[in-house]
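When the letters of the sequence shown are read in order and numbered with our numbering, they come out as residues 235 to 928. Where a beta carbon is used, it is the ideal one built from N, C-alpha and C, also for glycine. What you are looking at is a predicted structure, and each value in this text was computed from that prediction instead of being measured. Please read the structure below before turning to the comments.
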Amino acid sequence: MADYLVIVESPAKAKTIERYLGKKYKVKASIGHVRDLPRSQMGIDTENNYEPKYITIRGKGPVLQDLKSAAKKVKKIYLAADPDREGEAIAWHLATALNVDIHSDCRVVFNEITKEAILESFKHPRPINMDLVDAQQARRILDRLVGYNISPILWKKVKKGLSAGRVQSVSLRLIIDRENEIKSFIPEEYWSIDASFEKSKKQFDAFYYGDGKEKIKLTNEAQVKDVLKRVKGSDFEVMNVVKKERKRNASPAFTTSSLQQEAARKLNFRAKKTMMLAQQLYEGIELSKKEGAVGLITYMRTDSTRISDTAKSEAMSYIETKYGKDFIALEQKQVKSKANAQDAHEAIRPTSAMRTPEELKTILGRDQLRLYRLIWERFIASQMAPAVLDTVTVDLQNNDVLFRANGSQVKFAGFMKLYIEGTDDQAEETNKLLPEMNIGDKVKSLEIEPKQHFTQPPPRYSEARLVKSLEELGIGRPSTYAPTLDTIQKRGYVQLDAKRFVPTELGEIVHQATLEFFPEIINIEFTAQMEQNLDEIEEGITQWVNVIDEFYKDFEPRVKHADEVMEKIEIKDEPAGEDCEKCGNPMVFKLGRYGKFMACSNFPDCRNTKAIVKPIDVKCPTCDDGEIVERKSKTKRIFYGCNRYPECDFVSWDKPISRPCPKCSSLLVEKKLKKGVQIQCTNSECDYEETPSQ
235 MADYLVIVES PAKAKTIERY LGKKYKVKAS IGHVRDLPRS QMGIDTENNY EPKYITIRGK
295 GPVLQDLKSA AKKVKKIYLA ADPDREGEAI AWHLATALNV DIHSDCRVVF NEITKEAILE
355 SFKHPRPINM DLVDAQQARR ILDRLVGYNI SPILWKKVKK GLSAGRVQSV SLRLIIDREN
415 EIKSFIPEEY WSIDASFEKS KKQFDAFYYG DGKEKIKLTN EAQVKDVLKR VKGSDFEVMN
475 VVKKERKRNA SPAFTTSSLQ QEAARKLNFR AKKTMMLAQQ LYEGIELSKK EGAVGLITYM
535 RTDSTRISDT AKSEAMSYIE TKYGKDFIAL EQKQVKSKAN AQDAHEAIRP TSAMRTPEEL
595 KTILGRDQLR LYRLIWERFI ASQMAPAVLD TVTVDLQNND VLFRANGSQV KFAGFMKLYI
655 EGTDDQAEET NKLLPEMNIG DKVKSLEIEP KQHFTQPPPR YSEARLVKSL EELGIGRPST
715 YAPTLDTIQK RGYVQLDAKR FVPTELGEIV HQATLEFFPE IINIEFTAQM EQNLDEIEEG
775 ITQWVNVIDE FYKDFEPRVK HADEVMEKIE IKDEPAGEDC EKCGNPMVFK LGRYGKFMAC
835 SNFPDCRNTK AIVKPIDVKC PTCDDGEIVE RKSKTKRIFY GCNRYPECDF VSWDKPISRP
895 CPKCSSLLVE KKLKKGVQIQ CTNSECDYEE TPSQ
């Protein structure tokens, strides 16, 4: 018979932890929350200090009954939910349901599921931290007040199934604001002049810089022609050589936000998938019959970059063995966590630096291994020495025309030996060697090529960019990013186009209604301030009731006003310009969960629907009669096919282009590569391809 009952959130963790603790401990899982606000009503008494009305979650009755039965048979209960606000609230709800004294040493927290960490945490139990609980309650109540007041208005005035929320509404605003920037963007012309030079039979590139006195921007062709006129012959003189040594420090170990961003860039993972895989790695993977399930990474919801001394020591030991002493970081660069970061636990790191990805190849699933490798490499690299680069800048002059050449060489790889952080524009640090040059030397220009450019609008948000922006603005928390991005897509407010967020018509309508009647909900400064207020509750500085009351006394009259004044918005069906092939009535464009589609206007008598196809002005190479159109698969991936389908079965994931291959006259397609878009021939026996365009 066990003496102690330990309650964790996940059944996967329960088995592992019970094995570590031994026979005196019985470990059971609550499977997340056991109590919450009711779904069928507001569940908050706004007349009585916003008292929440908690009920047992539907389906959790048997779980709670099982925990109560187990609790009667033991001497002491330990509550070991996750080490954050949400986990503290789960522990408090369990304590309330099981009559555990919240002031007793009943709460146990750990940042990783390893035997050492678990045994150490049970040496230091503590009371439940009610400041953490109050911060979670305040967030839950605040979100309930917003959601259960605004959503019914949107249902009544716009369309059923809509919702609004603090973080999701701001996220939608950022996406719409960016789309408006793109629409209003006016391109500006500018020019560059690139040149290739030769010195001692070695070629190198340079670019036009200015007139020898200052840097000059070229804004039109006339300026370019004037520059080229001033170049006399092909001899250029070396006017200046600047050599510098530059250090580049490693990025710190992952936070939740930086993990989601890097997994999106390097692994093409959505935020939701990243968090699901990280949860699996944290809760434990069965390594062998002897070892059993072992947690492979630390807790994955954190905005701290702190690393424990033990983990640092182990990483340094690995680095010395693998790469040598020179690769160990002698000085640890202090990376400050955000002012409002919850620094109670560490950054995301492997639970053992010695457990390399190679050792887990046959144990982990493909995507689990890819994410583990990313986390492991980032952590090890964070403890490695800076990279040292030799940089050279050379100024070349002919008459008063100045060209500049930049070169760099990795002198000492440091952390770059293992890992280089990804970037949204996919720029990489590469060696670009210049021949040895001294002031007064002569070099010859081989080719001088002017190029016309136009400024580009800001890019639409990818998941990585949006998460980064929310974090920088202080909106949301590590646990909220993935579900927020998921919600705005499920509601049909945005859709992904080439992995970038585009607002839908429905999203624009909901945003406009929220902007007009509830401006504070989408006000970035207001939402960020509310996050700070929640942090102050956690720190014991502010009372949660005061924070809620200050918000609600201004919010409540706005709700009443919106309900009375907001006009019903009709989303009119737009004519599609063709008739239904089944009944002859006009087809119309309708707005669905995943954007627009075509449907018969005679609904519900005729239920004919069609996907919207987009012609790309390319003849079908298979049948010669049809036109190639852009379509979307069930998974929303774009592909190209003949508009005569099913009579013609031509299909391609790559976009066909109108001109034929100059070598064999076969179909050319645009192939998307990391370096840009490359035009290639589809004939397997032809090797024609063009240089990728950025």
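8 angstroms CB neighbourhood of residue 839 in its chain, flanking five on each side removed: 817.
May I have the straight-line CA-CA distance separating residue 734 from residue 821, to the nearest angstrom? If you take the alpha carbons of residue 734 and residue 821, they lie about 29 angstroms apart.
Residues bridged to residue 683 by DSSP? Paired residues: 428.
Kindly indicate which three-state DSSP category residue 677 falls into: helix, strand or coil? Secondary structure at residue 677: strand, using DSSP grouped into helix, strand and coil.
With a 10 Å radius around its C-beta and 16 neighbouring C-beta atoms as the bar for buried, classify residue 303 as buried or exposed. exposed
With residue 845 and residue 866 assumed to form a contact (beta carbons below 8 angstroms), what rounded beta-carbon distance in angstroms separates them? Going by Cβ atoms, the distance from residue 845 to residue 866 rounds to 6 angstroms, so yes, they are a contact pair.
Tell me the DSSP secondary structure of residue 265 in three-state form. coil
With distances taken Cα to Cα, identify the nearest neighbour of residue 873 among 843, 897 and 905. 905
DSSP state of residue 298, grouped into three classes? Of the three classes helix, strand and coil, the one that applies to residue 298 here is helix, per DSSP.
Measuring only the C-alpha atoms, how far is residue 887 from residue 924? Residue 887 and residue 924: Cα-Cα distance of roughly 19 angstroms.
If I measure Cβ to Cβ from residue 647 and keep anything under 7 angstroms in the same chain, skipping five residues before and after, which residues do I get? Within its own chain, the residues whose Cβ lies closer than 7 angstroms to the Cβ of residue 647, once the five positions on either side in sequence are excluded, are 621, listed in chain order.
Does the beta-carbon of residue 247 have 16 or more other beta-carbons within 10 angstroms, so that it is buried, or is it exposed? buried
Could you give the C-beta distance for residue 239 and residue 305, rounded to a whole number, given that I count them as a contact under 8 angstroms? 6 angstroms
Since residue 538 and residue 580 are thought to touch, with beta carbons under 8 angstroms apart, how far apart are those beta carbons, to the nearest angstrom? 6 angstroms
Answer yes if the region 592-605 comes into contact with the region 440-458, meaning at least three C-beta pairs across the two stretches below 8 angstroms, and no otherwise. Look at the beta carbons and you see the region 440-458 not touching the region 592-605: under three pairs across the two are nearer than 8 angstroms.
If we count Cβ pairs, one from each stretch, closer than 8 angstroms, do we get three or more for the region 612-626 versus the region 482-490? yes
Thinking just about the alpha-carbon of each residue, which of 682, 765 and 706 is nearest to the one in residue 441? Considering only alpha carbons, the answer is 682.
Quick check on residue 290: does DSSP put it in helix, strand or coil? DSSP, read as helix, strand or coil, puts residue 290 in strand.
Please list the terminal residues of the continuous alpha helix (DSSP H) segment that includes residue 381. 364-391
Would you tell me roughly how many angstroms separate the C-alpha atoms of residue 431 and residue 911, rounded to the nearest one? 28 angstroms
Coil, strand or helix - residue 534 by DSSP: coil
Taking the straight line between their C-alpha atoms, what separation do you get for residue 896 and residue 879? 28 angstroms
Closer than 7 angstroms by C-beta to residue 286: which residues in its own chain qualify, once you throw out the five before and the five after it? Chain order, please. 271, 277, 278, 371 and 375
Minimum length 3: unbroken beta strand (DSSP E) runs contained in the region 818-853: With a minimum length of 3 residues, the continuous beta strand (DSSP E) runs that stay inside the region 818-853 are 820-826, 829-834 and 848-853.
Residue 384 and residue 752 closer than 8 angstroms at C-beta: yes
Alpha carbon of residue 815 to alpha carbon of residue 901, nearest angstrom: Spanning the two alpha carbons is a distance of roughly 32 angstroms.
Confirm, please, whether the CB-CB distance from residue 743 to residue 392 is below 8 angstroms. yes
Indicate the three-state DSSP secondary structure (helix, strand or coil) for residue 805 in the structure shown. coil
How do the region 581-589 and the region 471-482 stand: do at least 3 beta-carbon pairs fall below 8 angstroms, yes or no? no
Going by other Cβ atoms of all chains shown within 10 Å of its Cβ, with 16 needed for buried, is residue 632 buried or exposed? It counts as buried.
Measure from the alpha carbon of residue 301 to the alpha carbon of each residue in 328, 350, 416 and 823, then state which is nearest. Among 328, 350, 416 and 823, the Cα nearest to that of residue 301 belongs to 328.
In the structure shown, what three-state DSSP assignment does residue 245 receive? Note: residue 245 maps to helix in three-state DSSP.
The region 498-518 in contact with the region 544-551 per 3-pair CB rule at 8 angstroms: no
Determine the direct distance from the alpha carbon of residue 625 to that of residue 721, and round the result to whole angstroms. 47 angstroms
Is there contact between the region 334-341 and the region 352-362, where contact requires at least three CB pairs shorter than 8 angstroms? Under the Cβ criterion (8 angstroms, minimum of three pairs), the region 334-341 counts as touching the region 352-362.
Out of curiosity, what's the CA-to-CA distance linking residue 813 and residue 807? C-alpha of residue 813 to C-alpha of residue 807: approximately 14 angstroms in a straight line.
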